[in-house]
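The numbering of the sequence shown is our numbering, which starts it at 1 and goes up by one. Heads up: the structure comes next, in structure tokens.
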Amino acid sequence: MTSSKPSATPWPWEASYPSDIAWNTHIPTYPLYELLNRTVKAYPLQPAMDFMDKIWRWDQIGAGADHLAIALQNIGIGKGSRVGICLPNTPYFLMSYFGIAKTGATIVHFNPLYAEREMAQQIESSQCDIIITLDLKILYSKLAKMLKTTRLNQLIICRFSALLPFPKNILFNVARFFDIAHIPHDDRHIPWDRLMRSLGPLREVPIDPEHDIALLQYTGGTTGLPKGAKLTHANITANAEQAATWFKARDGHDKMLGVIPFCHVFAMTAVMNLAVRRGFQIIATPRFELRDTLRLIDKKKPQIFPAVPAIFNAITTNADVAAGQYDLTSLVYCVSGGAPLPVEVKRKFEGTTGCVLVEGYGLTESSPIVCVNPTTGDNRAGSIGLPLPQTIVEIVDPATGQTMPAGERGEVCVRGPQVMQGYWQKPDDTAKVLRDGRLHTGDIGIMDADGYVYIVDRLKDMIITNGYNVYPRNVEEAIYEHPAVEECVVAGLPDAKRGEVIKTWIKCRSGAALNERDVLDFLKSRLSPMEMPKIIEFRQNPLPKTMIGKLSRKDLLAQEKNL
Numbered sequence: 001m002t003s004s005k006p007s008a009t010p011w012p013w014e015a016s017y018p019s020d021i022a023w024n025t026h027i028p029t030y031p032l033y034e035l036l037n038r039t040v041k042a043y044p045l046q047p048a049m050d051f052m053d054k055i056w057r058w059d060q061i062g063a064g065a066d067h068l069a070i071a072l073q074n075i076g077i078g079k080g081s082r083v084g085i086c087l088p089n090t091p092y093f094l095m096s097y098f099g100i101a102k103t104g105a106t107i108v109h110f111n112p113l114y115a116e117r118e119m120a121q122q123i124e125s126s127q128c129d130i131i132i133t134l135d136l137k138i139l140y141s142k143l144a145k146m147l148k149t150t151r152l153n154q155l156i157i158c159r160f161s162a163l164l165p166f167p168k169n170i171l172f173n174v175a176r177f178f179d180i181a182h183i184p185h186d187d188r189h190i191p192w193d194r195l196m197r198s199l200g201p202l203r204e205v206p207i208d209p210e211h212d213i214a215l216l217q218y219t220g221g222t223t224g225l226p227k228g229a230k231l232t233h234a235n236i237t238a239n240a241e242q243a244a245t246w247f248k249a250r251d252g253h254d255k256m257l258g259v260i261p262f263c264h265v266f267a268m269t270a271v272m273n274l275a276v277r278r279g280f281q282i283i284a285t286p287r288f289e290l291r292d293t294l295r296l297i298d299k300k301k302p303q304i305f306p307a308v309p310a311i312f313n314a315i316t317t318n319a320d321v322a323a324g325q326y327d328l329t330s331l332v333y334c335v336s337g338g339a340p341l342p343v344e345v346k347r348k349f350e351g352t353t354g355c356v357l358v359e360g361y362g363l364t365e366s367s368p369i370v371c372v373n374p375t376t377g378d379n380r381a382g383s384i385g386l387p388l389p390q391t392i393v394e395i396v397d398p399a400t401g402q403t404m405p406a407g408e409r410g411e412v413c414v415r416g417p418q419v420m421q422g423y424w425q426k427p428d429d430t431a432k433v434l435r436d437g438r439l440h441t442g443d444i445g446i447m448d449a450d451g452y453v454y455i456v457d458r459l460k461d462m463i464i465t466n467g468y469n470v471y472p473r474n475v476e477e478a479i480y481e482h483p484a485v486e487e488c489v490v491a492g493l494p495d496a497k498r499g500e501v502i503k504t505w506i507k508c509r510s511g512a513a514l515n516e517r518d519v520l521d522f523l524k525s526r527l528s529p530m531e532m533p534k535i536i537e538f539r540q541n542p543l544p545k546t547m548i549g550k551l552s553r554k555d556l557l558a559q560e561k562n563l
């Protein structure tokens with residue numbers, strides 16, 4: 001998906017680039033596992049990850065990835081296999097991600113917050129037979145059911161307590177005994193510790209970076225049905241190299257705060273892969289909690305912090321931060337992604353911390369980073385920034401396909417080495433978004449005369465809440481499972497803290513009645529927490545419809561604005 005251009009007609013963003021970065025700089029691509037191999041070789045004894053005060057070195061992460069790869073090869077995993085990761089941000093995630101890549105198998109990310117229905121759908125869609133997870137009930141209980149109801153055949157079980165330093169590891173086993181799952185001793189449950197004792201050579205697998213699929217990263221799209229974006233080794237390593245070119249720092253020295261989940265494509269590249277590429281120490285947390293995050297910044301002194309706007313907003317509005325109880329001055333720059341960054345949030349966060357907060361933009365289909373504001377120079381509030389090196393962004397008339405002039409609206413289209421190969425087993429959906437050598441994003445934007453891009457609207461109905469993508473149809477389908485529901489529509493409403501909140505409008509069947517608690521209790525096992533509606537409105541009359549009889553989300557949103 002790369003493209004060239006006549007040298008006499010530079011792209012408008014080239015003149016706006018920082019002086020030490022060239023848009024046409026060479027972006028190398030290579031097998032995904034080489035990201036880790038090179039860093040292990042360069043910085044073997046440097047800290048790779050600080051997880052709950054236990055430090056893991058790069059050579060330890062590398063050895064764990066090698067042992068996992070050997071063990072997987074010994075049970076027949078290789079090219080053509082798909083291996084799932086259902087883990088929070090832990091050292092296990094790094095070792096699993098790169099260990100799977102070393103076998104030539106394809107990684108499949110499973111969000112630990114998925115509801116059982118979503119987990120089952122993705123297992124079947126990806127044809128995933130083995131998943132790596134933790135021995136915590138909150139994760140294992142869902143996956144244990146998948147062993148009985150889906151094609152899933154085996155689980156690799158990692159001990160959470162083994163991640164903790166002494167004496168936290170002992171105390172955890174005692175104080176959190178009832179949070180630890182009872183794991184059966186059978187051939188469907190493979191202890192991670194046993195895999196780390198695997199013997200035999202690591203067989204090198206030939207990888208074609210441009211064509212071999214490293215990762216199936218699931219997204220939704222306009223239909224809300226799950227689609228696996230096929231990201232090649234070249235797609236992912238190109239985006240890591242592009243990010244490393246853009247974000248200047250001290251290799252093998254600086255610290256990266258990782259609170260957004262690695263299973264999310266933004267964190268995969270902007271936190272995990274960028275940190276591995278540059279040899280940064282990752283200060284990782286299994287989940288975001290505001291007070292813990294503030295304590296980590298105050299105590300551990302990270303320089304780089306990628307997150308979603310809701311997190312930056314939570315920090316700026318925290319009373320303890322305002323009172324000066326936390327020292328946040330170690331932060332040099334922060335990267336906002338996953339949702340639009342309000343200008344006021346950017347201004348307040350920079351004023352509070354003294355660091356630079358830059359907004360970027362990306363999609364699952366582009367591995368994901370497409371545009372970012374510069375960390376030095378002209379960092380334009382409200383803009384998603386400039387296209388990354390070797391990335392071409394064009395604003396295209398959706399009707400004619402013609403490129404629009406500066407300042408005119410159109411669909412944001414992307415070309416570059418990070419653009420996916422297509423959707424897994426969905427050729428029709430692939431053909432809709434990969435057209436004329438471009439990735440059609442479904443977002444409406446403008447580009448100014450200096451090459452800065454602004455997102456002004458969305459073609460999709462996707463809701464972005466707290467940085468997570470939520471697809472209305474998925475929520476609607478779950479609501480429709482309730483026998484009392486006749487009609488429902490789900491949409492996102494603007495919200496200062498979350499970006500958007502999920503609202504549903506429901507009309508009950510004749511003679512039936514529901515209240516808010518009834519709906520939320522019913523949805524608890526069907527939706528993940530991030531998909532749960534925050535506002536539920538019950539209507540006595542039929543919901544508005546279009547001329548052809550379809551339920552009209554547009555009319556409901558228009559009514560909402562007029563309230």
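Think of the CB as a built atom: it goes at the ideal place given N, C-alpha and C, for glycine as much as any other residue. All values derive from a computational prediction rather than experimental measurement.
Exercise for the section: Could you tell me the distance, in whole angstroms, from the CA atom of residue 567 to the CA atom of residue 135? Expected result: Since the first residue of the chain shown is 1 and the last is 563, residue 567 is not available in this structure.
Problem - CB contact flag (residue 234, residue 210, <8 Å) - result: In the sequence shown, residue 234 corresponds to position 234, counting from 1. In the sequence shown, residue 210 corresponds to position 210, counting from 1. Yes.
Exercise for the section: For residue 162, verify whether its CB is less than 7 Å away from any heavy atom of the ligand COA. Expected result: Among the ligands in the structure shown, none appear at all, so the ligand COA cannot be discussed.
Practice task
Identify the continuous beta strand (DSSP E) that holds residue 336 and give its terminal residues.
Solution key: Position 336 of the sequence shown, counting from 1, holds the residue named residue 336. Per DSSP, residue 336 belongs to the beta strand (DSSP E) from 333-336.
Exercise for the section: Name, in chain order, the residues that DSSP records as bridge partners for residue 233. Expected result: On the sequence shown, position 233 is the one that residue 233 refers to. Its beta-bridge partners do not exist; DSSP assigns none.
Exercise for the section: State buried or exposed for residue 402, treating a residue as buried only when at least 16 other CB atoms are found within 10 Å of its CB. Expected result: For this step, residue 402 is matched to residue 402 along the sequence shown. So residue 402 counts as exposed.
Practice task
Check whether the Cβ atoms of residue 127 and residue 188 sit closer than 8 Å, and answer yes or no.
Solution key: Residue 127 sits at position 127 when you count from the first residue of the sequence shown. Residue 188 sits at position 188 when you count from the first residue of the sequence shown. Contact: no.
Problem - Buried versus exposed call for residue 411 [16 or more other C-beta atoms within 10 Å across all chains shown] - result: Residue 411 sits at position 411 when you count from the first residue of the sequence shown. When all chains shown are included, residue 411 counts as buried.
Exercise for the section: Compute the beta-carbon to beta-carbon distance between residue 565 and residue 85, rounded to the nearest angstrom, for a pair I have assumed lies under 8 Å. Expected result: Residue 565 lies beyond the stretch modelled for the chain, which goes from 1 to 563, so this question has no answer here.
Handout entry: Exposure of residue 118, with buried meaning 16 or more beta-carbon neighbours within 10 Å
Key = Walking along the sequence shown from the start, residue 118 turns up at place 118. Classification of residue 118: buried, given that the 10 Å Cβ count is 16 or more.
Exercise for the section: Give the straight-line distance between the Cα atoms of residue 144 and residue 178, rounded to the nearest whole angstrom. Expected result: Counting from one through the sequence shown, the residue named residue 144 turns up at place 144. Counting from one through the sequence shown, the residue named residue 178 turns up at place 178. So the alpha carbons of these two residues sit roughly 17 Å apart.
Practice task
Might you give, ordered along the chain, the residues of its own chain that have their beta carbon closer than 6 Å to the beta carbon of residue 2, omitting 5 neighbours on each side?
Solution key: One-based indexing of the sequence shown puts residue 2 at position 2. Because residue 2 sits at a pLDDT of 42, beneath the cut-off of 50, its placement in the model cannot be relied upon, and the following sentence gives the value as read from the coordinates. If we look at residue 2 and ignore the five residues flanking it on each side, its Cβ neighbours are 417.
Practice task
Look up residue 564 in the DSSP assignment and say whether it is helix, strand or coil.
Solution key: Not covered by the structure: residue 564. The range shown for the chain is 1 to 563.
Problem - C-alpha gap between residue 485 and residue 286, whole angstroms - result: On the sequence shown, position 485 is the one that residue 485 refers to. On the sequence shown, position 286 is the one that residue 286 refers to. Taking the straight line joining both Cα atoms gives about 37 Å.
Problem - Candidates 265, 378, 321, 453: closest to residue 405 by CA position - result: Against the sequence shown, residue 405 aligns to sequence position 405. For residue 405, the nearest C-alpha among the options comes from 453.
Practice task
Report the residue from 162, 66, 375 whose alpha carbon sits nearest the alpha carbon of residue 197.
Solution key: Numbered from 1 along the sequence shown, position 197 holds the residue referred to as residue 197. Residue 66 is the option with its Cα nearest to residue 197.
Handout entry: Helix, strand or coil at residue 420 according to DSSP, with G and I counted as helix
Key = Within the sequence shown, residue 420 is the residue found at index 420, counting from 1. Residue state, collapsed to three classes: coil.
Exercise for the section: Report yes or no: do the segment 41-54 and the segment 158-170 share at least 3 C-beta pairs separated by less than 8 Å? Expected result: yes
Practice task
Round the Cβ separation of residue 535 and residue 501 to the nearest angstrom and send it over; I've been treating them as touching at under 8 Å.
Solution key: Your numbering for residue 535 matches position 535 in the sequence shown. Your numbering for residue 501 matches position 501 in the sequence shown. About 6 Å separates the two Cβ atoms, so the contact holds.
Problem - Reduced DSSP secondary structure (H/G/I, E/B, other) of residue 351 - result: Reading the sequence shown from its first residue, position 351 is the one you call residue 351. Residue 351: helix per DSSP, three-state reduction.
Handout entry: Own chain, CB closer than 6 Å to residue 413, minus 5 neighbours either side, in chain order
Key = For the purposes of this step, residue 413 is taken as the residue at position 413 of the sequence shown. Correct list, in chain order: 394, 396, 438, 440.
Practice task
Assign residue 491 to one of three DSSP states: helix, strand, or coil.
Solution key: Mapped onto the sequence shown, residue 491 falls at position 491. Strand, per DSSP.
Exercise for the section: Go through the segment 147-193 residue by residue and report every complete run of the alpha helix (DSSP H) that reaches 4 residues or more, in order. Expected result: 168-175
Problem - residue 300 - containing alpha helix (DSSP H), residue span - result: As a first step, residue 300 must be located in the sequence shown, where it is residue number 300. Where residue 300 is concerned, the enclosing alpha helix (DSSP H) stretches over 290-300.
Exercise for the section: Determine, using beta carbons only, whether residue 307 and residue 336 come nearer to each other than 8 Å. Expected result: For the purposes of this step, residue 307 is identified with residue 307 of the sequence shown, where counting begins at 1. For the purposes of this step, residue 336 is identified with residue 336 of the sequence shown, where counting begins at 1. In contact: residue 307 and residue 336 (Cβ atoms closer than 8 Å).
Handout entry: Proximity of residue 18 and residue 377 at Cβ, strictly below 8 Å
Key = Here the question's residue 18 lines up with position 18 in the sequence shown. Here the question's residue 377 lines up with position 377 in the sequence shown. Closer than 8 Å, so yes.
Exercise for the section: To the nearest angstrom, report how far apart residue 467 and residue 199 are at their CA atoms. Expected result: In the sequence shown, residue 467 corresponds to position 467, counting from 1. In the sequence shown, residue 199 corresponds to position 199, counting from 1. When rounded, the distance between both Cα atoms is 42 Å.
Exercise for the section: Please confirm if the segment 503-513 is in contact with the segment 478-492, defined as three or more CB-CB distances below 8 Å between the two stretches. Expected result: yes
Practice task
Decide if residue 389 is buried, meaning its Cβ has at least 16 other Cβ atoms within 10 Å, or exposed.
Solution key: Residue mapping note: residue 389 aligns to position 389 of the sequence shown, counting from 1. With 16 or more other Cβ atoms within 10 Å, it is buried.
Exercise for the section: Mind checking who residue 574 pairs with in its DSSP beta bridge? Expected result: Absent from the structure is residue 574, since the part of the chain shown begins at 1 and ends at 563.
Exercise for the section: Would you list the one or two residues that DSSP bridges to residue 106? Expected result: Numbered from its first residue, the sequence shown carries residue 106 at position 106. Looking at the DSSP assignment, residue 106 forms a beta bridge with 82.
Handout entry: Residue range of the unbroken beta strand (DSSP E) whose run includes residue 48
Key = The count along the sequence shown starts at 1 and reaches residue 48 at position 48. Residue 48 -> beta strand (DSSP E) spans 47-51.
Handout entry: the segment 261-273 touching the segment 350-369, judged by at least three CB pairs closer than 8 Å
Key = yes
Problem - Per-residue DSSP class, three states only, for residue 98 - result: As a working mapping, residue 98 is identified with position 98 in the sequence shown. It is helical.
Problem - Per-residue DSSP class, three states only, for residue 207 - result: To locate residue 207, count along the sequence shown from 1; it is residue 207. It is coil, neither helix nor strand.
Problem - Those residues which DSSP pairs with residue 26 across a bridge - result: As a working note, residue 26 is residue 26 in the sequence shown. According to DSSP, residue 26 bridges with nothing at all.
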